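Sequence order for the protein chains is P and R. The first sequence begins at 0 in numbering that gives the first Met the number 0 and counts up one residue at a time. The second sequence begins at 0 in numbering that gives the first Met the number 0 and counts up one residue at a time.
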Amino acid sequence: MTIDLGFWTLQTLNALQLSMLLFLLSVGLTVIFGLMHFVNLAHGALYALGAYFAASLAAVGGYWMGFFLAPVAVAGVGVLLYTGLIQRMRKSGPMAQVLVTFGLIFALLDLTRIFWGDLALAIEVPGILSGRLAFLGVEYPTYRLFIIVLGTAIFAALSLVLSRTQIGAMIRAGVDNDAMAACLGINVERLFFIVFCVGCALAGLAGAVAAPLLSVTPEMGLQILIPTLIVIVIGGLGSLKGAIAGSLIYGFVQTFGAVLAPQLASVLIYALLAAVLVIKPVGLFPAKG
Amino acid sequence: MFRHTPLRYATLVLLASVALFRVFTAEYFGLEILTEIFILAVLVLALDMVAGFGGMVSLCHGALMGVGAYAYVMLSTIAGIAPPVAMAGAIAITGVAAWVIGAICARSHGIYFIMATLAFGQMAYSYVFEAPIFGGDDGLGGISRLDLSFVGIDLSDSRSFAFFCLAILAAVYGAAVLILRSGLGRSLSGVMHNEQRMRALGLTVWRVKADVFGLSGMIAGLAGVLAAQHIMYISPGLLSWTVSGEALVVVILGGVGTLIGPLVGAVAFVMLKHELSAVTTYWHLVVGCILIAVVMSRANGIFGWLEDRWGARIDRRAADATRNQKTEEVASDA
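Here it is as structure tokens:
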């Protein structure tokens, strides 16, 4: 293997692209957990729904319609889930929540099969993003660069909102101590609802963005769920910093593991997760110490 | 701690007699379904031991079952060891693996425990999936069943094999009851209800958790050995986390922490699956909705609901008695 600069650049870009996709998914899941202590295993199913909405909308009005409307549609599904199920499950233990959302996975999986069939759908990448771009001496698909830029932009926007705005301060207060936040006059329930919807929309966005890269199948939600859970457990539940750190760790370990030690690649990430859980059972950057 | 109430005895007798009756009367397809129920029941007994009596909700029991299956096949077909020894070896290997997982995860609680066990399960899954000696995606075939011809039983016959699985299930049930009633089982209940207090009493908490997890893993491994002998073919799909998830669904559907409930759940789940998949390919949707309904009803599964109704009158009487007592106390205080 000739190891030159181009090889490292290429793999770094691949790792970054995987990380950013996972970040879009895990940030919603982790903030929902941090704020509401709610474990939503159906987050992956929402991602699959996003991909399907994007595929259907793209067939009608082109890629950008799917890109912008799929998150809105998934947020709508999130509103239904919140008012129908999740609001009632708030006070139950983690086991009941895991099971209800596990049931949701079953139900949503079959619902997508009923509506869209078993066959994989594909989306065309829009013209402006379809080519390749010369970047630091390598040719790289523009669409993948677009994912990296989008993920970085969303990370920047979220960290700005969380650290600089009033609603960000309210969310941080809610994660830290929801009872105290409620006593200070913050409508914690409404805050939960908004955060849940934003989390769902981000999952939908991740689905819409991933759709042209992977084929859209009913199982895609199940396949992405485990990596997403690994990311948030390594990073620590409830924090933005944890989500980005976990995503980057997962992306780089997975990508470079597959290239440098193919036999070990798949076990490597789980071994890393086990090591993190043994040394720091609450993850690297938990929201609460 | 586990106790047999009259209702539990009655359900157990009912289940056992129906199972025996069906083993002797069912046709080929019925026997296959029966065997499937028995093997699933062994697995969910193992899961209920740790989840219902130790608060350790494990998402790696499917993987443990797969480890048992693969260990049996590797020992018997590849290494050429006699099936009885290979069975014992596979159970021991799974037990050790489960003990290590239990020891590592003993510090985690709640959702972290679920995630940690999930991680170990997935680790086993991807290892088996990738390593060439395990046959990868294609799985392994040519598995031999236990040879019991010296007592005149031919296990290649489905009726005998179903009976064999039922006998093992009965033995596993007895073993689970014995374990839960032993000192270890009582310590485990104590740990579930108040870990700090048990630690203060001088108990090595992680050892108790790891020991029970190891024993439970041995039972899961046994289920895997039976599954391998039943289908006579294994694939990495056995270790997938959805198998663990389904086992958990069965435990919840039946009633966690009752031992009998999961047996009821196993019967209900397999019957439901076969009945529904005959009618529609979307049986997951129905099972998902039933699961959501059961969990949201706040009843402890099918059997837990029965127990609640059975014990409701007694409970109400007891509650009335304490309330009267309290009113009297308040009255005397005033």
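Using N, Cα and C, we set each Cβ at its ideal position, and we do this for glycine too. Note that the structure is predicted; figures quoted are calculated from it, not measured.
Taking CB atoms only, residue 89(P) has no neighbour in chain R less than 8 Å away.
Under the Cβ criterion of 8 Å, residue 59(R) is not counted among the residues facing chain P. For residue 106(R), the chain P residues whose C-beta falls within less than 9 Å of its own C-beta are 276, 277 and 280, listed in chain order. With fewer than 16 other Cβ atoms inside 10 Å of its own Cβ, residue 182(P) counts as exposed. Secondary structure note for residue 131(P): it is in no alpha helix (DSSP H), and the uninterrupted beta strand (DSSP E) holding it is 131-134. Every unbroken stretch of the alpha helix (DSSP H) spanning 4 or more residues and falling wholly within the segment 145-212 of chain P is given here in chain order: 165-175, 177-182 and 187-209. For the segment 136-215 of chain R, the full-length alpha helix (DSSP H) segments reaching 4 residues or more read 157-180, 182-192 and 194-199 along the chain. C-alpha of residue 142(R) to C-alpha of residue 304(R): approximately 41 Å in a straight line. When the alpha-carbon of residue 25(P) is set against those of 259(P), 220(P) and 258(P), the nearest one is in 220(P).
For residue 31(R), the enclosing alpha helix (DSSP H) starts and ends at 27-53. Not flagged as an interface residue toward chain R: residue 211(P), since no C-beta distance is shorter than 8 Å. Only residues of its own chain outside the window of five on either side were considered, and among them 233, 234, 235, 241, 244 and 275 have a CB closer than 7 Å to the CB of residue 283(P), listed in chain order. Classified as buried, residue 96(P) has 16 or more neighbouring CB atoms from the shown chains inside 10 Å of its CB. For residue 177(P), no Cβ of chain R is located within less than 8 Å of the residue's own Cβ.
For residue 218(P), the three-state secondary structure derived from DSSP is coil.
Taking a contact as a CB-CB distance under 8 Å, the pair residue 47(R) and residue 255(R) counts as one, their CB atoms being some 6 Å apart. Annotation for residue 56(R): no beta strand (DSSP E) segment contains it, and DSSP assigns it neither H nor E. A straight-line Cα-Cα distance of about 16 Å links residue 220(R) and residue 209(R). Just so you know, the alpha carbons of residue 207(R) and residue 183(R) end up roughly 7 Å apart. The Cβ atoms of residue 120(R) and residue 238(R) sit closer than 8 Å to each other.
Segment contact: the segment 51-70 of chain R against the segment 242-258 of chain R, three or more CB-CB distances shorter than 8 Å; contact assigned. The continuous beta strand (DSSP E) containing residue 138(P) extends over residues 137-140. Apart from the 5 residues on each side of it in sequence, residue 101(R) sits with its Cβ closer than 7 Å to the Cβ of 208, 209, 212 and 213 in its chain, given in chain order.
The Cβ atoms of residue 141(P) and residue 126(P) lie no closer than 8 Å to each other.
Judged by DSSP secondary structure, residue 59(P) falls within the alpha helix (DSSP H) whose first and last residues are 42-60. Counting only Cβ-Cβ distances below 7 Å, residue 222(P) has no contacts in chain R at all, with the closest Cβ about 11 Å away. Residues of chain P whose Cβ lies closer than 8 Å to the Cβ of residue 126(R) are, in chain order, 265 and 266.
Counting the other CB atoms within 10 Å of its CB gives residue 60(R) a total of 16 or more, which places it among the buried residues. When secondary structure is reduced to three states using DSSP, residue 278(P) falls in the helix class.
Between the C-alpha atoms of residue 241(R) and residue 215(R) there is a straight-line separation of about 19 Å. In the structure shown, residue 80(R) falls within a coil segment according to DSSP collapsed to helix, strand and coil. Along the segment 109-143 of chain P, going in chain order, the ones with a CB nearer than 8 Å to a CB of chain R are 109, 110, 112 and 113. Going by beta carbons, residue 46(P) and residue 205(P) fall inside the 8 Å limit. Here DSSP, grouped into helix, strand and coil, assigns residue 283(P) to coil. Residue 3(R) is classed as exposed because its beta carbon has fewer than 16 other beta carbons within 10 Å across all chains shown. The alpha-carbon separation between residue 69(R) and residue 301(R) amounts to approximately 33 Å.
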